[in-house]
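One structure is given below, encoded as structure tokens.
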Amino acid sequence: MNTTDIVNVINAAMRAKCDGLNCRIRGLAKAVFVMDSEETGFPAIVTADNDRYVFIDDDYIFGTYHRLNAKTYSHDFKSGYGDSSKTICTFDMSIVGWGFIKHLSAEALEALIISCIPKKDYQVVKTDFDAKRVSQGELSGIPYFIPEDAFLFRLNYTVKVPVKNECIELDEIFNQ
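The numbering used here applies: residue 774 is where the sequence shown begins, and numbers increase by one.
If you want it as structure tokens, here you go:
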């Protein structure tokens, strides 16, 4: 399982529950920095054909996107004789949610997202509802005002998956 698989599992569940709603459920966002600036950046979904899609869009009642914050590798040592250890990869991820309060509350969107996160191997860690802090973390060097009729939050979650301990072929690494 990789980052794309993790995002796809959650997004598929969200799309199924939100069928018919005018919402924007996005994939994995990357930090995109403004040319000639090392300090000004924003999250964007960058497609294979280099199109970029960004942040809050008032054409939709709410939206989400994911961020990969970190990956940690550790060993899970079994107790007893003959048991082997296995390598575990812990993905530290976030889902950023935004929306307009005339349609739903931040807590309602958080509950929807949590209901779409599989219970096995996934764990919700914390939700930060401080829109100012979240926007400062997401929008580097860009002063952004969250309108009073909108909300923004970040839900942090982790996913633990075993790592294959075998050789990986190059075609598994590179996009074909």
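Beta carbons are placed, not taken as given, at the ideal position from N, Cα and C, and that holds for glycine.
Distance from the Cα of Thr777 is smallest, within the candidate group Cys791, Lys803 and Cys796, for Lys803. For Ala884, the secondary structure class from DSSP, reduced to helix, strand or coil, is helix. In the DSSP assignment, Gly836 forms a beta bridge with Arg797 and Trp871. In this structure, the beta-carbon distance from Thr900 to Glu911 does not fall below 8 Å. With a cutoff of 8 Å on beta-carbon distance, Phe815 and Gly870 are scored as not near each other. Annotation for Asp809: no alpha helix (DSSP H) segment contains it, and DSSP assigns it neither H nor E. By the criterion of a C-beta distance shorter than 6 Å, Arg840 is surrounded in its chain by Ala802 and Ser867, once the five residues flanking it on both sides are discounted.
Inclusion of Phe918 and Ala879 in the CB contact set at 8 Å is not warranted, their separation being larger than that value. Boundaries for Asp901: no alpha helix (DSSP H) harbours it, while the beta strand (DSSP E) harbouring it runs Tyr895 to Asp901, taken from the DSSP string. At a Cβ-Cβ threshold of 8 Å, Ile886 and Pro935 do not count as neighbours. Remark: C-beta atoms of Thr837 and Arg788 do not approach each other more closely than 8 Å. For the options Asp894, Lys933 and Ile874, the alpha carbon positioned closest to that of Tyr833 is the one of Ile874.
The beta carbons of Ile783 and Phe864 sit no closer together than 8 Å. When rounded, the separation of the alpha-carbon atoms in Ala817 and Asp849 is 35 Å. Residue state for Asp831 is assigned as coil, using DSSP reduced to three classes. DSSP places Asn784 inside the alpha helix (DSSP H), whose first and last residues are Thr776 to Lys790. Apart from the 5 residues on each side of it in sequence, Val907 sits with its Cβ closer than 8 Å to the Cβ of Val869, Asp901, Leu925, Phe926 and Arg927 in its chain, given in chain order.
Here Val936 carries a coil assignment [DSSP, helix/strand/coil].
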